[in-house]
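Note that the protein sequences, when read in sequence, are chains C and P.
My numbering numbers the first residue of the first sequence as 31 and each following residue consecutively.
My numbering numbers the first residue of the second sequence as 921 and each following residue consecutively.
Using N, Cα and C, we set each Cβ at its ideal position, and we do this for glycine too.
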Amino acid sequence: MINGSAEIVYDLSAGDPGFIAEIKEMGGEELLECIQCGKCASVCPMALAGFPIFNKKLIQAIFFGARDILLDDSSIWACQSCNRCTEICPRDVRPFEIILAMRRVAVRELAIPTLSIEGLKSLYDVGHAVYLRDAGQTRLKVGLPETPPTVLASPEALKEIQAILDQTDLREIGLFPMQGNGMADASEV
Amino acid sequence: MKVGFFIGCNTAFNRPDLEQAVRFSFPLLGVELDDLEGQSCCPSWGTMPSVDLAGWSAVSARNLCLAEEKDLDIVTVCGSCYGSLGEVRHKLQNDPSLKEKVNAILKGSGRNYRGTADVYQSVGYLCQNIGLDKIKQSLKYSLAGLKVALQPGCHSLWPSEIYPDREEDSFHPHMLGDMCRALGAEVVDYSRLTDCCGMGGMRSADMGKSFDLLTVKLNSIKEEADPDLIVTGCSSCLIQMDTAQLPLNKDKKINFTIPVLHYMQLLALCLGAEPQKVAGLAKNDVGAVINKIRGDGNV
Ligand code: SF4
Ligand code: SF4
């Protein structure tokens, strides 16, 4: 399992020629600055924990145009967003941005973990990606009001969040039904 | 002095005792907190940042707007919030076309992001704006005799260029240690100080691998430092390190338990806060630590 990467074979003739441009478009702008020195990998928790395609390998695979292989592997979702790689890269590639760019490509192919969909849905429905149902009780236990002064306490704020999310690519991608207050209002009129 | 308190989902719903610690400590050190009413999720990495750059930036920018509309900076106890908001702030500073897109999205809600609010993490904010001396002078209890190991947290450190309260050398951080020594604690070193706790995307993707990463870290802490307490600068590290020790013991991956607190909880205790309120949700018993701090055996 840990050596899963050894099983990945890149067919160099099958590379997707538009892939590099796609990654750049999705936010991985400095991709081509990478010289594969491996510094990012040397500090990466994903690499340490044994996920097969960590920062440096991801970049090389993008150079190969290995779009399908990358869409089949879920390593990118184990990235900790820790930015050790960004800090240490001598070429300012910002490898974490490449991970995010690859995630954005994957999301558009609906290759996205269930937990992320749930988080997004929760962000849309209540304004918090992490929301625990019995949180009110927990808060009361330590002497805080049941509801924090966040979007949870403000229908207007939630409307605003939903209006923002409605204008993002989320709507087009269609991971979950987005029928927020805006729509409800419209149907009331 | 006044600052906007960005609570963060995990703190508000999972560890509100940490929220209480902030609400207790800041005013006692002369910093008034503004609630930034209507604040939302930062948003966290596995959600909007992974979907749409402009969409992520718009949700974050709205949160930043809540502070800048009141002429305030933002402080948070969560590394992810600090990172997500800080990254967006940095991007909007350097990318006029992204800023334009974001303001087009925000326009419907009558907001316009300018970029005046800075984002701090709690430890860095207090270190820079209040200072070690004032903190020392404000204490009711000291941590004398208490050995602590540190967990600064990834997002508090990297990428350092985007943060206003950055370390001089982010791979050799010293702020959290200085702040613990200001409380009277003895800070004990261990070799895996800057290792990741395993929370975050990795834990969602593969709990086993995430826990393995943490096991290496915990063993390093135990064997090399054997502290009374682990002190984190990040609410995610707090949750991971506090909750994972139970299953790790059950699975015989470790055979010890070390209490874990966020720095703000420890500070609140030293400032005289009621332990139940500011540390009452810890999974690993912090009673011995609290007794040592308060010396009243009342816990
Ligand atoms: S550190 Fe930078 S240049 Fe080196 S392999 Fe990683 S991304 Fe490429
Ligand atoms: S941000 Fe992701 S890719 Fe970069 S070092 Fe951290 S875990 Fe690895």
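| Check | Outcome |
| --- | --- |
| Along the segment 65–90 of chain C, where does the CB come closer than 8 Å to a CB of chain P? Name the residues. | 75, 76, 78, 79, 80, 81 |
| I want to know whether the segment 154–172 of chain C touches the segment 932–945 of chain P - three or more CB-CB distances under 8 Å. | yes |
| Should residue 73(C) be counted as a contact of ligand 2 given a C-beta to heavy atom distance under 7 Å? | yes |
| Do residue 108(C) and residue 1125(P) have their beta-carbon atoms positioned less than 8 Å apart in this structure? | yes |
| Count the other C-beta atoms from every protein chain shown that fall within 10 angstroms of the C-beta of residue 39(C), then say buried if there are 16 or more, exposed otherwise. | exposed |
| Find the nearest neighbour of residue 1047(P) within the set 1163(P), 1071(P), 1183(P), judged by alpha-carbon distance. | 1183(P) |
| Can you tell me whether residue 1094(P) is helix, strand or coil according to DSSP? | coil |
| I need the straight-line Cα distance from residue 986(P) to residue 957(P), nearest angstrom please. | 8 Å |
| With a cut-off of 8 Å, does the C-beta of residue 1202(P) fall near any C-beta of chain C? | no |
| Please name the residue, chosen from 173(C), 207(C), 189(C), 191(C), that lies closest to residue 1197(P) on a Cα-to-Cα basis. | 173(C) |
| Reducing DSSP to helix, strand and coil, say where residue 1069(P) ends up. | strand |
| Strictly by DSSP, which residues pair up with residue 924(P)? | 954(P), 994(P) |
| With a threshold of 8 Å between beta carbons, is residue 1219(P) in contact with chain C? | Low local confidence applies: a pLDDT of 43 at residue 1219(P) is under 50, so the model's placement there is unreliable, with the coordinate-based value given in what follows. With 8 Å as the cut-off, residue 1219(P) does not count as an interface residue toward chain C. |
| Can you tell me the Cα-Cα spacing of residue 1058(P) and residue 1195(P), whole angstroms? | 18 Å |
| Quickly, what does DSSP pair residue 1040(P) with across the bridge? List them, please. | 995(P) |
| Does the beta carbon of residue 84(C) fall short of 7 Å from some heavy atom of ligand 2? | yes |
| Compute the beta-carbon to beta-carbon distance between residue 115(C) and residue 125(C), rounded to the nearest angstrom, for a pair I have assumed lies under 8 Å. | 4 Å |
| So, under 8 Å CB-CB, residue 1069(P) and residue 1141(P) are touching, yes? Tell me the CB distance rounded to an integer number of Å. | 5 Å |
| Go ahead and label residue 939(P) buried or exposed: buried means 16 or more other beta carbons lie within 10 angstroms of its beta carbon, across all protein chains shown. | buried |
| Looking only at C-alpha atoms, which of 1055(P), 1083(P), 977(P) sits nearest to residue 1192(P)? | 1055(P) |
| Can you name the start and end residues of the beta strand (DSSP E) that residue 1181(P) belongs to? | 1180–1182 |
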